[in-house]
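**Student:** Sharing a structure, written as structure tokens. Questions coming.
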Amino acid sequence: MKGSEGPPAATVAERTEEKEEKKLHDMRKRARDIFWWPFTQHEIVPIENITVIDSRCGKMFAVHKASGYDLITQQFDACASWWTHGT
Numbered sequence: 001m002k003g004s005e006g007p008p009a010a011t012v013a014e015r016t017e018e019k020e021e022k023k024l025h026d027m028r029k030r031a032r033d034i035f036w037w038p039f040t041q042h043e044i045v046p047i048e049n050i051t052v053i054d055s056r057c058g059k060m061f062a063v064h065k066a067s068g069y070d071l072i073t074q075q076f077d078a079c080a081s082w083w084t085h086g087t
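In terms of full-length UniProt numbering, the sequence shown opens at residue 1 and continues consecutively.
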């Protein structure tokens, strides 16, 4: 049936990417509004200084940085053992 095929895959991928990008940008403000960071005056923390962790896999995690352009980088979780030692 013609006309019931839906949008092209590229359009769906673009929309999905745009939604994901907006979600990552919104997370900075949500983190500042929701999370409690000990010994921190939240209102003086610039939004761009808040690190957003997008995902984790094994000993690596993906960090979203919005410094002029959007970038997701993989970083090694070097301090994970501090939190799991002795469990």
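Just so you know, even glycine gets a beta-carbon here, dropped at the ideal spot from N, CA and C.
Note that this is a predicted model, so its numbers are computed, not measured.
Please tell me whether I47 and R30 are closer than 8 Å, where the distance is taken between their beta carbons.
**Tutor:** It is not a contact, given that the beta carbons lie outside the stated cut-off.
**Student:** Rounded to whole angstroms, what is the Cα-Cα separation between K59 and T73?
**Tutor:** Rounded to whole angstroms, K59 to T73 spans 14 Å at the Cα level.
**Student:** If you scan the region 27–61 from start to end, which runs of the beta strand (DSSP E) of 3 or more residues do you find wholly inside it?
**Tutor:** Complete beta strand (DSSP E) runs here, min 3: 52–57.
**Student:** Closest by CA to K22, which one among F76, H64, Q75?
**Tutor:** Answer by Cα proximity: H64.
**Student:** When the Cα atoms are used, what is the spatial distance from E43 to D33?
**Tutor:** If you take the alpha carbons of E43 and D33, they lie about 9 Å apart.
**Student:** DSSP on E20, reduced to helix/strand/coil?
**Tutor:** Residue state, collapsed to three classes: helix.
**Student:** How many angstroms separate the CA atom of V12 from the CA atom of E20?
**Tutor:** Rounded to whole angstroms, V12 to E20 spans 12 Å at the Cα level.
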